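**Q** Below are the C-alpha cells for one structure; questions will follow.
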Amino acid sequence: MTKKRKIIIGRSDKADFPELYLFDIDVKIDTGAYSSAIHCHNIKIIGDAGQRKVHFNLLDPSHSEYNEKEYILPVHKTKRVKNSSGESSERIFIKTKIMIYGRSIPVELSLTDRSEMKFPVLLGRKLLKKRFVVDVSKKNLSFNQKYDQPT
Numbered sequence: 010m011t012k013k014r015k016i017i018i019g020r021s022d023k024a025d026f027p028e029l030y031l032f033d034i035d036v037k038i039d040t041g042a043y044s045s046a047i048h049c050h051n052i053k054i055i056g057d058a059g060q061r062k063v064h065f066n067l068l069d070p071s072h073s074e075y076n077e078k079e080y081i082l083p084v085h086k087t088k089r090v091k092n093s094s095g096e097s098s099e100r101i102f103i104k105t106k107i108m109i110y111g112r113s114i115p116v117e118l119s120l121t122d123r124s125e126m127k128f129p130v131l132l133g134r135k136l137l138k139k140r141f142v143v144d145v146s147k148k149n150l151s152f153n154q155k156y157d158q159p160t
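Mapping of the sequence shown onto my numbering: position 111 corresponds to residue 120, and the numbering continues sequentially without gaps.
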C-alpha cells in the first residue's frame, strides 16, 4: 500500500467555498486549532431536534466578497470549542466543501464572530490531517497555483 503524498501549504492562503458562493477568501492555517471556523453574524437556529437549521450571514459588510444573502443550512452538530484565550463556548457547525489546490474537500466549519481577526476563515488540524504539511515561511501556495496556469 502506498502512502498518499502530503501537499505543502503555507501559513495562509486563499480558498473557494463554492456551495457558499465565496471565492478567493483569505484563510489562516492554524495547527493549534482542531476545528475550522468561518466568520458570520446574525446566527439563528430554527426547527426542532431532528430538523434544526441555522440562518446566518457570512463575512462583514466591509468585506469585498460580502453579499446580503442569508444562508439557511442544516445544523451538522453543536460542540463546545475553546478559543485562543482558553474560553469555551458552544458553537454551531455546518458541513460544506472547500476548494484548495484544485481539490474539493469536505469541511466542517464552526460559525463564529471573527470580526476582530485578520482572516475570516481558520483551517484547523482536522482538515489538514493526512492531507497537508504546513510550511510557515510560505503564503498563498494554492492561490498562486490556481492562477499560474500555462497559456
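Quick reminder that beta carbons are idealized off the backbone N, C-alpha and C, glycines included. Owing to the predicted nature of the structure, the values given are computational and were not obtained by experimental measurement.
Can you tell me which of I109, V84, G111 and L131 puts its alpha carbon nearest to the alpha carbon of S93?
**A** For this step, residue 93 is matched to residue 84 along the sequence shown. The option with the nearest alpha carbon to S93 is L131.
**Q** Taking the C-alpha atoms as reference points, what is the distance between L136 and V116?
**A** The residue given as residue 136 occupies position 127 in the sequence shown. The residue given as residue 116 occupies position 107 in the sequence shown. Approximately 7 Å, taken between the alpha carbons.
**Q** For the beta strand (DSSP E) holding K23, just list the boundary residues, first then last.
**A** On the sequence shown, position 14 is the one that residue 23 refers to. Its beta strand (DSSP E) spans residues S21 to F26.
**Q** Tell me P83's beta-bridge partners as DSSP assigns them.
**A** Along the sequence shown, one-based indexing puts residue 83 at 74. DSSP lists K62 as partners of P83.
**Q** State the Cα-Cα distance for the pair D157 and R61, rounded to the nearest angstrom.
**A** As a first step, residue 157 must be located in the sequence shown, where it is residue number 148. As a first step, residue 61 must be located in the sequence shown, where it is residue number 52. Looking at the two C-alpha atoms, the distance is approximately 42 Å.
**Q** Given a threshold of 16 other Cβ atoms within 10 Å of its Cβ, counted over all protein chains shown, does P129 qualify as buried or as exposed?
**A** The residue given as residue 129 occupies position 120 in the sequence shown. It is buried - the Cβ of P129 has at least 16 other Cβ atoms within 10 Å.
**Q** For H85, tell me which candidate among S97, P27, K104 and V145 has the shortest Cα-Cα distance.
**A** In the sequence shown, residue 85 corresponds to position 76, counting from 1. If we check each option's Cα against that of H85, K104 comes out closest.
**Q** Measure the alpha-carbon distance for T40 versus T87 and round it to whole angstroms.
**A** For the purposes of this step, residue 40 is identified with residue 31 of the sequence shown, where counting begins at 1. For the purposes of this step, residue 87 is identified with residue 78 of the sequence shown, where counting begins at 1. Each residue's Cα considered, the two are about 21 Å apart.
**Q** Could you please give the first and the last residue of the uninterrupted beta strand (DSSP E) stretch that includes F128?
**A** As a working note, residue 128 is residue 119 in the sequence shown. F128 -> no beta strand (DSSP E), and no H or E assigned at all.
**Q** Looking only at its chain, what residues have a beta carbon closer than 6 Å to the beta carbon of T160, apart from the 5 residues adjacent to it on each side?
**A** Here residue 160 corresponds to residue number 151 of the sequence shown, with the count starting at 1. Because T160 carries a pLDDT of 42, less than 50, the predicted location of this residue cannot be relied on, and no value is offered for it.
**Q** Report all residues from its chain with a CB closer than 6 Å to the CB of K91; omit the five preceding and five following residues, and keep chain order.
**A** As a working note, residue 91 is residue 82 in the sequence shown. Result list for K91: S97, in chain order.
**Q** Note down, in chain order, each residue of its chain lying with its Cβ closer than 8 Å to the Cβ of D122, except the 5 sequence neighbours on either side.
**A** Within the sequence shown, the letter at position 113 stands for residue 122. H48, C49 and H50, listed in sequence order.
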